[in-house]
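Visitor: A single structure is presented below for examination.
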Amino acid sequence: MLPDTGGTITAQATVVFLRPPGAPDSLTLDLVGMTVDSVGARVNDPRIPEPFAWLRWVHGDSLLRIALPPPRGSGPASVSVFYHGAPRDGLLIETDARGRRSIFADDWPERARDWLPTVDAPADKASVHWLIDAPARWRVVANGRLVHTAPSPDGSVWWEYDERHPIPTYTMVLGAGPMTVSRHAPAVWAGDTVPITVWAEPEDSAFADSVAFRRVTAVVETLQRLVGPFPYGKLAHVESSTRYGGMENASAIFYAERGYVTRRMSESVVRHETSHQWFGDAVTERDFHHLWLSEGFATYFDLVVGAALDGDSVLARGMRGLARGFFRSDVVDRPVLDTTVTRLTDLLDANSYQKGAWVLHMLRGVIGDSAFFTGIRDYYRTYRDSSVLSADFQRVMERASDRPLGWFFDEWLRQPGYPQLDVAWRAGGGSVTMTVRQTQPAAWGRYTMPAVPVEFLRGGAVLARRTFDLSAQGGPQTVSFPLEAAPDSVGVDPGGSVLLTAATHHG
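Position one of the sequence shown corresponds to residue 754 (the numbering used here), numbered consecutively onward.
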């Protein structure tokens, strides 16, 4: 029950789970700050007048331990937790920019436990069914399709939503407030349609529909063509009180209201969060230290979709911006897969976002467009509704490209930094010779990259374009190219296909 005043919620959470042979005789759930009133298991026995058998439980600071009754058969079991309290986080009961009260869940990374009894870990995905009692003046959105609404005797309204696909707990959300709802054209795929709605405060609705969300249907349909069918039954874009710029909750994306109020919200964040429905929500990183499988993918596919809609310059310009952001960051000397990080919010960094996107962009360059998108579609199809680690993605891409890629993933995910090249060149005898040195700190290691582009110019005009294979073997490498005319300058990777810096000089 969502309160009309005050900050206390009253709730019942029924958790359905499997009890394989030999499983513990207790269930442990994450739950922080709430007061547990009782815990029961439904009984199907006509001799027992009550529908529940009340169970013993212990609730400490963060864990709820429930003693389970003997198993009845081999099917799923369930327990129901009755509780109340004022959530200190996770479920935000606040006033919006116009002074109106609203309630929105905001669970990443492990804040669902502040208002829901769950196994609050990204690998523990589950379907979710919501019954939400809210004040009649509010609209309510949650994961899944709206089943129905019904008035309550006390004047409130019940909203029922159902999401049958398993989703990570950090995307299990509800939102309630005085919002307007506009309907956009549904996305179509192989005869199936995905309803798309935009939920906004009344003052922001026209802006949302005409600017940031103008092409939401095209964004979904582009991702379906590139990756695969949309993973859920509906998609709602919702103005909310999330602490993040956007939060990719499965089938109900929440965006911070400040972008609406300032009128600075762009389509880019919409493309990013929509991409998460495939990468992060449907295919979920099993361990948050592999967050690049979510944020790097969404960052890259924001630009890939932008390029599909508006031309390749969107991708080229965007990748240059991501490179600049990574070079300026304070995590350059740390690897993407950094298991030393203990505070999960610290993983929201340039390694997970900018460098993660560059890993995908360079992989695409190494194996080619056909193998890359074949692998992406196979990755989604194989692991949809499941969870993964980086090695799972590597195996799929090796299969799609029919080549070993361990060197690539080892260097770009497990080494810090990037290649910093010093390139000395000289011309003579109908050729140009380059001496290439990797000058990055020794702690970063050395890098391999096939077919690094190089451009030879004279008077600003391009004489020739060639490629060379950057080698991780020790010492400088020397490469020569036959040229009919001597250049006056050389550019390494002028188009920005590799995450590197290069200083060139004649000598």
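We put the CB at the ideal spot given by N, CA and C, even for glycine.
(1) My output table needs one value for residue 757: the three-state DSSP class, helix, strand or coil.
(2) According to DSSP, is residue 983 part of a helix, a strand, or is it coil?
(3) Can you tell me which of 1155, 1108, 1109 puts its alpha carbon nearest to the alpha carbon of residue 1121?
(4) Cα separation between residue 912 and residue 928?
(5) What three-state label does DSSP hand residue 923 in the structure shown?
(6) Assign residue 1159 to one of three DSSP states: helix, strand, or coil.
(7) Are there 16 or more other CB atoms within 10 angstroms of the CB of residue 764, so buried, or fewer, so exposed?
(8) Return the CA-CA distance between residue 1215 and residue 1241, expressed in angstroms with no decimal places.
(9) Return the CA-CA distance between residue 944 and residue 1249, expressed in angstroms with no decimal places.
(10) Does residue 928 come out as helix, strand or coil in the three-state DSSP assignment?
(11) Can you check the stretch 987-1061 for any beta strand (DSSP E) of at least 3 residues that lies completely inside it and give the ranges in chain order?
(12) Grab me the residues of residue 786's own chain with a C-beta within less than 7 Å of its C-beta, minus the 5 sequence neighbours each way, in chain order.
(13) Near residue 755, which residues of its chain fall below 6 Å by C-beta distance, leaving aside the five closest residues on each side in sequence?
(14) Going along the chain, which residues of its own chain have a beta-carbon closer than 6 Å to the beta-carbon of residue 1097, five neighbours each way excluded?
(15) Grouping DSSP H, G and I as helix and E and B as strand, with all else coil, what is residue 1202?
(16) Could you pull the DSSP bridge partners for residue 1211 from this structure?
(17) Look at residue 898 and residue 914 and say whether their C-beta atoms are less than 9 Å apart.
(18) Taking residue 877 as the reference, give the member of 806, 1192, 1193, 1035 with the closest Cα.
(19) I need the straight-line Cα distance from residue 992 to residue 1102, nearest angstrom please.
(20) Buried or exposed for residue 901, going by 16 or more other Cβ atoms inside 10 Å?
(21) What residue does the beta strand (DSSP E) around residue 794 start on, and which one ends it?
(22) Is the beta carbon of residue 1203 less than 9 Å from the beta carbon of residue 1223?
(23) My output table needs one value for residue 1121: the three-state DSSP class, helix, strand or coil.
(24) Would you kindly work out how many angstroms separate the C-alpha atoms of residue 1016 and residue 1236, rounded to a whole number?
(25) By DSSP's criteria, residue 945 is part of a beta bridge. Which residues make up the other side?
(26) Please name the residue in 994, 988, 1014 whose C-alpha comes closest to that of residue 1023.
(27) List the endpoints of the continuous alpha helix (DSSP H) containing residue 1149.
(28) Per DSSP, which one or two residues make a beta bridge with residue 748?
(29) What number of angstroms, rounded off, separates the C-alpha of residue 770 from the C-alpha of residue 845?
(30) Can you tell me which of 1229, 811, 1063, 885 puts its alpha carbon nearest to the alpha carbon of residue 975?
(31) Relative to the C-alpha of residue 1165, which residue among 832, 834, 1114 is closest?
(32) Return the chain-ordered list of same chain residues with a C-beta closer than 8 Å to the C-beta of residue 1072, the five sequence neighbours on each side being excluded.
(33) According to DSSP, residue 1126 sits in a beta bridge with which residue or residues?
(34) Would you please state the rounded distance, in angstroms, between the beta carbons of residue 869 and residue 819? I believe it to be under 8 Å.
(35) For my contact list, residue 1106 and residue 1048 are in at a C-beta cut-off of 8 Å; report their separation, rounded to the angstrom.
(36) Give every residue of the same chain whose Cβ lies closer than 7 Å to the Cβ of residue 1158, excluding the five residues on either side of it in the sequence, and list them in chain order.
Guide: Result, derived from the coordinates:
(1) By 1-based counting over the sequence shown, the position of residue 757 is 4. It is coil, neither helix nor strand.
(2) Sequence index remark: in the sequence shown, residue 983 carries index 230 (1-based). Note: residue 983 maps to coil in three-state DSSP.
(3) On the sequence shown, position 368 is the one that residue 1121 refers to. Taking each of 1155, 1108, 1109 in turn and checking the Cα distance to residue 1121, the smallest one comes out for 1155.
(4) Taking the first residue of the sequence shown as 1, we reach residue 912 at position 159. Taking the first residue of the sequence shown as 1, we reach residue 928 at position 175. Taking the straight line joining both Cα atoms gives about 11 Å.
(5) To locate residue 923, count along the sequence shown from 1; it is residue 170. Reduced to three states, the DSSP call for residue 923 is helix.
(6) For this step, residue 1159 is matched to residue 406 along the sequence shown. Under the three-state reduction of DSSP, residue 1159 is assigned to helix.
(7) Numbered from its first residue, the sequence shown carries residue 764 at position 11. By the neighbour-count criterion, in which a residue is buried when 16 or more other Cβ atoms sit within 10 angstroms of its Cβ, residue 764 is buried.
(8) What you label residue 1215 is simply residue 462 of the sequence shown in a count that begins at 1. What you label residue 1241 is simply residue 488 of the sequence shown in a count that begins at 1. Rounded to whole angstroms, the separation of the alpha carbons of residue 1241 and residue 1215 is 10 Å.
(9) Residue 944 sits at position 191 when you count from the first residue of the sequence shown. Residue 1249 sits at position 496 when you count from the first residue of the sequence shown. So the alpha carbons of these two residues sit roughly 40 Å apart.
(10) Mapped onto the sequence shown, residue 928 falls at position 175. The answer is strand: DSSP assigns residue 928 an E or B state.
(11) If we require 3 residues or more, the beta strand (DSSP E) runs fully inside the stretch 987-1061 come out as 988-993, 1005-1009, 1036-1038.
(12) Within the sequence shown, residue 786 is the residue found at index 33, counting from 1. Correct list, in chain order: 838, 840, 841, 867.
(13) Your numbering for residue 755 matches position 2 in the sequence shown. Contacts found: 856, 887, 929.
(14) Translated into positions along the sequence shown, residue 1097 becomes position 344. Cβ within range, chain order: 862, 1041.
(15) Numbered from 1 along the sequence shown, position 449 holds the residue referred to as residue 1202. Strand at residue 1202.
(16) Position 458 of the sequence shown holds residue 1211. Paired residues: 1214.
(17) Taking the first residue of the sequence shown as position 1, residue 898 is located at position 145. Taking the first residue of the sequence shown as position 1, residue 914 is located at position 161. Contact annotation: residue 898 and residue 914 have beta-carbon atoms nearer than 9 Å.
(18) To locate residue 877, count along the sequence shown from 1; it is residue 124. Sorting 806, 1192, 1193, 1035 by C-alpha distance to the C-alpha of residue 877 places 1035 at the top.
(19) Looking up residue 992 in the sequence shown gives position 239. Looking up residue 1102 in the sequence shown gives position 349. Their backbone Cα atoms lie some 24 Å apart in a straight line.
(20) Here residue 901 refers to the residue found at position 148 of the sequence shown. By the 10 Å Cβ count, residue 901 comes out exposed.
(21) Taking the sequence shown and counting its residues from 1, the one referred to as residue 794 is at position 41. Where residue 794 is concerned, the enclosing beta strand (DSSP E) starts and stops at 788-795.
(22) For this step, residue 1203 is matched to residue 450 along the sequence shown. For this step, residue 1223 is matched to residue 470 along the sequence shown. One thing to note: residue 1203 has its Cβ within 9 Å of the Cβ of residue 1223.
(23) As a position in the sequence shown, residue 1121 is number 368, starting the count at 1. Reduced to three states, the DSSP call for residue 1121 is coil.
(24) By 1-based counting over the sequence shown, the position of residue 1016 is 263. By 1-based counting over the sequence shown, the position of residue 1236 is 483. Within the model, the alpha-carbon separation for residue 1016 versus residue 1236 is close to 53 Å.
(25) As a working note, residue 945 is residue 192 in the sequence shown. In the DSSP output, where bridge partners are listed per residue, residue 945 has 942.
(26) The sequence position of residue 1023 within the sequence shown is 270, counting from 1. Per the Cα distances, 988.
(27) The residue labelled residue 1149 in the question sits at position 396 within the sequence shown. From DSSP, the alpha helix (DSSP H) with residue 1149 extends over 1143-1154.
(28) A question about residue 748 goes unanswered here, because the residues of the chain that appear run from 754 up to 1260.
(29) Within the sequence shown, numbered from 1, the residue matching residue 770 stands at position 17. Within the sequence shown, numbered from 1, the residue matching residue 845 stands at position 92. C-alpha of residue 770 to C-alpha of residue 845: approximately 28 Å in a straight line.
(30) Position 222 of the sequence shown, counting from 1, holds the residue named residue 975. Nearest option by C-alpha distance: 1063.
(31) Walking along the sequence shown from the start, residue 1165 turns up at place 412. Ranked by Cα distance from residue 1165, the options 832, 834, 1114 are led by 1114.
(32) On the sequence shown, position 319 is the one that residue 1072 refers to. Around residue 1072: 1056, 1110, 1111, 1114, 1249.
(33) Here residue 1126 corresponds to residue number 373 of the sequence shown, with the count starting at 1. According to DSSP, residue 1126 bridges with nothing at all.
(34) In the sequence shown, counting from the first residue as 1, residue 869 sits at position 116. In the sequence shown, counting from the first residue as 1, residue 819 sits at position 66. Residue 819 and residue 869 do not touch by the CB rule: their CB atoms are close to 15 Å apart, not below 8 Å.
(35) Translated into the one-based positions of the sequence shown, residue 1106 becomes position 353. Translated into the one-based positions of the sequence shown, residue 1048 becomes position 295. The pair is a contact, with the Cβ atoms about 5 Å apart (cut-off 8 Å).
(36) Numbered from its first residue, the sequence shown carries residue 1158 at position 405. Within the same chain, residue 1158 has close Cβ partners 1147, 1150, 1151.
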